C-alpha cells in the first residue's frame with residue numbers, strides 16, 4: 122500500500138513534534154541540580170561539556 126504525500130507529511134510532522142518534546146524534557150531534567158537528578162534516577166549531566174551534549178543528542182536519540 123502506497124502512502125499519500127499528506128500521510129507522509131503528517132508522519133514527518135509527528136516525528137518532529139515527538140523529537141522536540143523529548144528534547145524539551147531532557148533539557149528540563151538536565152537543568153535540575155545534580156543532587157536532585159541523582160534522587161530521581163536521572164544521570165547527572167556534565168554542565169559545560171559541549172562534546173558530551175552533542176554526543177548525547179546524536180547518539181541517544183531513537184532512530
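In our numbering, the protein residues as written are 122 to 184. Note that beta-carbon positions come from the ideal geometry of N, C-alpha and C, so glycine has one too. This one's a predicted model, so the numbers in the text were calculated from it and none came from an experiment.
| request: Have a look at residue 163 and residue 145 and give me their C-alpha separation to the nearest angstrom. | output: Going by the C-alpha atoms only, they are around 15 Å apart.
| From which residue to which residue does the alpha helix (DSSP H) around residue 154 run? | Boundaries for residue 154: no alpha helix (DSSP H) harbours it, and the DSSP string shows neither H nor E there.
| message | If you reduce the DSSP assignment to three classes, tell me which class residue 165 lands in. | response | In the three-state scheme derived from DSSP, where H, G and I count as helix and E and B as strand, residue 165 is classed as coil.
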